[in-house]
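S.K.: Chains as they are written, first to last, in my numbering: chain X, 1 to 460; chain G, 1001 to 1434. Take this structure first; my questions come after.
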C-alpha cells in the first residue's frame, strides 16, 4: 500500500502533497430492551489528499482507489488557485520524516473474541438492567472500531499505523407516572477487551439511580456553588477549555487569541491541565497523528497560567509554537483537524469530604450528559445531582443543566480533589469549518472539583 | 452495479434492500478574510439490509466494488439477527420532485471565490475590524434505493450554499447568516446586509434579570422546538411508551397559531420523493392549529404499532446519521406556517424580552419530554429596541407549556435546521440571568 501511495504522490504538481488511506472495520451490536436493533461487522475504505502550493491549501476525499489519481490532480490544481488568492501564505512547521510501523499492542485484543461472546456479554448486562424496578427501556450497545491507516508525504514520511477501541454502553430509562428519567454509562474505551468484563455493579448502580430519579425533586434555576464528579469535571475541561486549546479554532479569531496568549493567568495556582496522547489505556491514546507527527504530552495550564496548546503543522508554524501531534481525522472522508487526545485536570490535594463541608447551599453534580461550547460560553448536563446543605450531602435531584463563562469559571475553581480518574467514554464532535467529525478516540479525565459559582438551568 | 448486487442477493436472502449514495462537492472557505482552503469530495456509501428466515442482516461499505464482502457481511449478520416484523418496501409511485440544477453542478470554483471576495469587501467596508469567515459550497447527491420487492428509487439533488459569519469580538461565539438554494443565485447582498445589522447588535453585552419574559424564537433557534416535538411524535418514543403525546392525537397540544407541516414535495432545498427506505413521502400536517394530527413512522415502528410507514424512515439523527446508520422516524422537510407579523414589529412590541438565535446544550436537555434548558444565544430587547447580545443567560421551560401561549408569528420565513420557519413570539419563558 505504501509503495502504491508513494507512486501516486510522484505525479502531484503541488509544492507539498500528502495522502492517507484507511481500511476500517466496525462491529456494532445494539439492543433496545429485548429487541436486537443492529448487529453488524462492516467495512469502510477511502483516502484523503492534502496539497499546499504557494501558501494556498486544498483537500480532497475519495472512496474508490481508482479515483485517487483524478483526486490528486484536482487537489493540486485547487491548491494552485488557492495559492494565487491567499494573502497570508500558509506554511508547515518542520518535522522529521517518519518511516515504519506504529501499531497497537492490546492486552486482550477485542478482535480475538468471537461475535457470539460479545453478543452474550451485552445481553447479560442488558438482562440485569431490565430487572431493575421502574426501568422501562434499556438501550445497550457494543461497539468496536479498528482503523488501519497508511500515510505518505512528499517530504518522505511513509508510515503504517492503526487505532483500536471498544466500548459497551447503556442508556437506561426509568418511568414513574408522568416522570421519565435517563441515566447512562459506557465502559471500556481502549484496545483492552478486559475492561468490558465484570462491570455488573457499575451498570446496576446507574440503573437504580435512574429509578430513584423518577421521584427526585427537580433542580432549581439560579446561581450556586457546585462540586463536579470526575466525569462532569472532565467534560467541563474538555468542552469549556479544551476546545479553546485547539489552535485551529483560534486561527481565524485573532481577538479571542489575544485573551489566550501563552502566559495568560487563567485560574488559581492549584489548577494544572495537560493533554497527553501517550496514555494508551484510555480513549484518546495514539502513537502518531494523521500528518505523520508523533504524539506527545503538552502542558496546557501550569499553576493557573496558560502554558501551551494543541497544534497542526500549519498552526504550529503560524503561531511559532511547538508541534503537539494532535492533527486527526475520524475517517477517510474527513480531513484531519486539531483534536484533543487525552485532556485532564491534574490531581490536587483535597478530599471530597473537605469540598462538601465547605458548602452552605449548593449541589453535587454527577455523571456526564453531553456538553457544548461556543467561544467562551459553555453548557452541559449532569445525569443527576445531590443537594448540599450546611456542609452535608442531601437529597437526590434531577434535570440538571449548568452553564457558565469559561474565564470566570476557571477562576472560580477553588478546590481540586486528589482522585484523578479518566472517563471510559470517548466521544467529541467538532467540525472545524468542515463536516462534523465524531471522534470516539478522545479521552478526558479529572478529579472531583469545586466551582464557587455556576448557573443552573433547572426547571423549578 | 446495484442490480448485480441485488440479483446476487436474491439467491441468498428472502428479502433485500440496497441503499447507495454518491456525493460530489466543492467548497471555498475564507477565514479571517483570507482564502483558508478549497475542499472537494467524491465519496460514496452503501448499506444493505436483508432478511433470511425472518431475521435481519446488515452490511455496509464505502463502494459497490466488492459485492462478495457485502453479501458475506449480510449473511453473518443475519445468522445472529432478530426476527423483524416488517418487509422492505415494494414498487410504488413516487411524487414528482426535482431538487436538481445542472448549473449548480457545473458552478465554477472561480465564481465561488468571487462571491467570497465580494462578501468580504462588503462586510469589511462596514465593519473593518472584524475577522470575517465565508464559505460557498456546491453539492450534488445521488441517492438510489433498490429492493427485491421491486422498489427502484433514485433522486439527484443539488445545492449551492453561502454562509457568512464572524466571531463576536473577544467572546469567540459567532454571528452568522446563510442562504441555500437548489439552483445558483447571484451574490446574496440581503444576507450580508442582515449579517452586518446583527453583528452591530453585539457591541454591548446584556444579562437580563432572572424572571419570566417574552422570547422571539428565530428560524435558526426553532429546531429546538421542532426536534423536541418530533421526538414526541416519533414512532420510537411511541413504541417505548415514553412519549408525552401518547394519547394526545386530535387533541390541542399547542397554541392554535401553530401549524407545522411535513412538506417534502414543495420545490425547496430538502425536497424528497421517497424516504431512506424507499417509501413514498407524504405532505401532511403534524400539528394543525395547535391540534396534534399525525405521527412519524418508519417501517419498523409502523409495524410495531400496527400501522404503515408514513414515509418518514430517514438515516438522520441529532448527531451522526448517514448511509451506514439505520433509518429511524424523522421529519422529511418541515414547514411552519407563517403569520402576519414581522420581526421588526415583534421587536418593537416588546418592553423587555429576548431574541433567541440559538441555544447551547439542547442535546443534554430532557427534550424528548419537551423539556428545554439551554444557555441562550441571542439578543436583549428593551423598550422596543435590540440593546445588546446576551451574556450569562439560561432559558428553560417545556415546549408543551410555553408554546401554548404564542403571541405572534412572522410573515418572513427562513431556512432553519430541518425545514423552513417564521419568527415565533412566545408569550413568556423562564430566563435565568442576574
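Note that beta-carbon positions come from the ideal geometry of N, C-alpha and C, so glycine has one too.
1. Threshold first: 3 residues or longer. Then list the beta strand (DSSP E) segments lying entirely within the segment 261-289 of chain X, N to C.
2. Just to make sure I have the definition right: I need the residues of chain X whose C-beta is within less than 8 Å of the C-beta of residue 1092/G. Which are they?
3. So residue 1363/G contacts chain X; which residues on that side make the cut at Cβ distance below 8 Å?
4. Starting from residue 1422/G, follow its DSSP beta bridges and name the residues at the other end.
5. DSSP three-state label for residue 1127/G, please.
6. Do the segment 373-390 of chain X and the segment 1167-1182 of chain G make contact, defined as three or more Cβ pairs closer than 8 Å?
7. Please go through the same chain and pick out, in chain order, the residues whose beta-carbon is closer than 6 Å to the beta-carbon of residue 118/X, but skip the five residues on each side of it.
8. With a CB to CB cut of under 7 Å and the five nearest residues on each side skipped, what residues in its chain are close to residue 1005/G?
9. If we cut at 8 Å on Cβ distances, does residue 1034/G have a partner in chain X?
10. Is the beta carbon of residue 1329/G closer than 8 Å to that of residue 1401/G?
11. Rounded to the nearest angstrom, what separates residue 1339/G and residue 1292/G at their Cα positions?
12. Provide the residue(s) that pair with residue 1285/G in DSSP beta bridges, ordered along the chain.
13. Using a cut-off of 9 Å between C-beta atoms, extract the partners of residue 122/X located in chain G.
14. Based on the DSSP output, what are the partners of residue 60/X in its beta bridges?
15. Grab the span of the alpha helix (DSSP H) containing residue 248/X for me, first residue to last.
16. Output, in chain order, the set of chain G residues within a Cβ distance shorter than 9 Å of residue 137/X.
17. How would you label residue 337/X, buried or exposed, when you count the other beta carbons within 10 angstroms and need 16 or more for buried?
18. Checking 8 Å against the spacing of the C-beta atoms, do residue 1180/G and residue 1415/G come in under that value?
19. Using the Cβ count rule (16 or more neighbours within 10 Å means buried), how would you classify residue 1090/G?
20. Can you look up residue 125/X in the DSSP assignment and give me helix, strand or coil?
21. Kindly give me the distance between the Cβ atoms of residue 191/X and residue 165/X, rounded to whole angstroms, as I take these residues to be in contact under 8 Å.
22. For the structure I just gave you, are there three or more beta carbon pairs, one from the segment 1074-1094 of chain G and one from the segment 84-94 of chain X, closer than 8 Å?
23. List the residues that DSSP assigns as beta-bridge partners of residue 1437/G.
24. Since residue 1329/G meets chain X, which of its residues come closer than 9 Å, beta carbon to beta carbon?
25. Write down every uninterrupted run of the beta strand (DSSP E) in the segment 1111-1157 of chain G whose length is 3 residues or greater and which is fully enclosed by it, in chain order.
26. Would residue 1262/G be called buried (16 or more neighbouring beta carbons within 10 Å of its own) or exposed?
27. Tell me the residue span of the beta strand (DSSP E) that contains residue 382/X.
28. Compute the Euclidean distance between the alpha carbons of residue 112/X and residue 1202/G, then round it to the nearest angstrom.
29. Helix, strand or coil for residue 1098/G per DSSP?
30. Tell me, to the nearest whole angstrom, how far the beta carbon of residue 278/X is from that of residue 297/X; I am working on the premise that it is less than 8 Å.
31. Can you list, in chain order, the residues of its chain whose CB lies under 6 Å from that of residue 1348/G, leaving out five sequence neighbours each side?
32. Could you pull out every residue in the same chain whose Cβ sits closer than 7 Å to the Cβ of residue 9/X, ignoring the five residues on either side in sequence?
33. Name, please, each residue of chain G whose Cβ falls closer than 9 Å to the Cβ of residue 222/X.
34. For residue 420/X, is the beta carbon positioned less than 7 Å from some heavy atom of the ligand PLP?
35. So, does the CB of residue 338/X fall closer than 8 Å to a CB anywhere in chain G?
36. Is the separation between the beta-carbon of residue 249/X and that of residue 424/X shorter than 8 Å?
M.R.: The relevant details are as follows:
1. The qualifying runs are 273-276.
2. Here residue 1092/G refers to the residue found at position 92 of the second chain. Here the premise fails: no neighbours, minimum Cβ distance about 25 Å.
3. What you label residue 1363/G is simply residue 363 of the second chain in a count that begins at 1. Under the 8 Å cutoff, chain X gives 370 and 372.
4. Position 422 of the second chain, counted from the start, is the residue given in the question as residue 1422/G. Per DSSP, 1413/G.
5. Indexing the second chain from 1 puts residue 1127/G at position 127. Coil, per DSSP.
6. Segments in contact, yes.
7. Within the first chain, the letter at position 118 stands for residue 118/X. Only 142 meet the Cβ criterion.
8. Within the second chain, residue 1005/G is the residue found at index 5, counting from 1. So the qualifying residues of the chain are 1018, 1064, 1067 and 1070.
9. What you label residue 1034/G is simply residue 34 of the second chain in a count that begins at 1. At least one CB of chain X lies nearer than 8 Å to the CB of residue 1034/G.
10. As a position in the second chain, residue 1401/G is number 401, starting the count at 1. As a position in the second chain, residue 1329/G is number 329, starting the count at 1. No; because the gap between Cβ atoms is not below 8 Å, this pair is not in contact.
11. For this step, residue 1339/G is matched to residue 339 along the second chain. For this step, residue 1292/G is matched to residue 292 along the second chain. Using only the alpha carbons, I get a separation of about 19 Å.
12. Within the second chain, the letter at position 285 stands for residue 1285/G. BP columns for residue 1285/G point to 1261/G.
13. Working through the first chain from its first residue, we reach residue 122/X at position 122. Per Cβ cutoff of 9 Å: no residues; residue 122/X is ~11 Å from chain G at best.
14. Within the first chain, numbered from 1, the residue matching residue 60/X stands at position 60. Under DSSP, the beta-bridge partners assigned to residue 60/X are 49/X and 1040/G.
15. Looking up residue 248/X in the first chain gives position 248. Note, residue 248/X: alpha helix (DSSP H), 248-251.
16. The residue you call residue 137/X lines up with position 137 of the first chain. Against residue 137/X, the close residues of chain G are 1240, 1241 and 1242, in the order they occur along the chain (beta-carbon pairs closer than 9 Å).
17. Sequence index remark: in the first chain, residue 337/X carries index 337 (1-based). So residue 337/X counts as buried.
18. Counting from 1 along the second chain, the entry for residue 1180/G is found at position 180. Counting from 1 along the second chain, the entry for residue 1415/G is found at position 415. For residue 1180/G and residue 1415/G, yes; Cβs fall inside 8 Å.
19. The residue given as residue 1090/G occupies position 90 in the second chain. With fewer than 16 Cβ atoms within 10 Å of its Cβ, residue 1090/G is classed as exposed.
20. Counted from its first residue, the first chain places residue 125/X at position 125. Residue 125/X carries a helical assignment under DSSP once its states are collapsed to helix, strand and coil.
21. Residue 191/X sits at position 191 when you count from the first residue of the first chain. Residue 165/X sits at position 165 when you count from the first residue of the first chain. Contact holds; Cβ gap of about 7 Å.
22. By the Cβ criterion, the segment 1074-1094 of chain G is not in contact with the segment 84-94 of chain X, since fewer than three pairs of Cβ atoms, one from each stretch, lie closer than 8 Å.
23. Nothing can be reported for residue 1437/G, as the shown portion of chain G is limited to 1001 through 1434.
24. For this step, residue 1329/G is matched to residue 329 along the second chain. Neighbours of residue 1329/G on chain X: none; closest Cβ ~14 Å, over 9 Å.
25. The DSSP assignment places complete beta strand (DSSP E) segments of no fewer than 3 residues inside the segment 1111-1157 of chain G at 1133-1147, in order along the chain.
26. For this step, residue 1262/G is matched to residue 262 along the second chain. Looking at its Cβ environment, which holds 16 or more other Cβ atoms inside 10 Å, residue 1262/G is buried.
27. Position 382 of the first chain, counted from the start, is the residue given in the question as residue 382/X. For residue 382/X, the enclosing beta strand (DSSP E) stretches over residues 377-389.
28. Locating residue 112/X in the first chain gives position 112, counting from the first residue. Locating residue 1202/G in the second chain gives position 202, counting from the first residue. Their Cα atoms are separated by approximately 56 Å.
29. To locate residue 1098/G, count along the second chain from 1; it is residue 98. Here DSSP, grouped into helix, strand and coil, assigns residue 1098/G to coil.
30. Here the question's residue 278/X lines up with position 278 in the first chain. Here the question's residue 297/X lines up with position 297 in the first chain. Correct: roughly 6 Å between the Cβ atoms.
31. As a first step, residue 1348/G must be located in the second chain, where it is residue number 348. Same-chain partners within the cutoff: 1384.
32. On the first chain, residue 9/X is found 9 positions in, with the first residue counted as 1. Cβ contact annotation for residue 9/X (same chain, cutoff 7 Å, sequence separation greater than five): 17, 19, 152 and 154, in chain order.
33. The residue labelled residue 222/X in the question sits at position 222 within the first chain. Ordered by position in chain G, the residues that pass the 9 Å Cβ test against residue 222/X are 1210 and 1432.
34. Only the bare structure without any ligand can be found here, which leaves the ligand PLP out of the picture.
35. For the purposes of this step, residue 338/X is identified with residue 338 of the first chain, where counting begins at 1. With 8 Å as the cut-off, residue 338/X does not count as an interface residue toward chain G.
36. If you number the first chain from 1, residue 249/X lands on position 249. If you number the first chain from 1, residue 424/X lands on position 424. It is not a contact, given that the beta carbons lie outside the stated cut-off.
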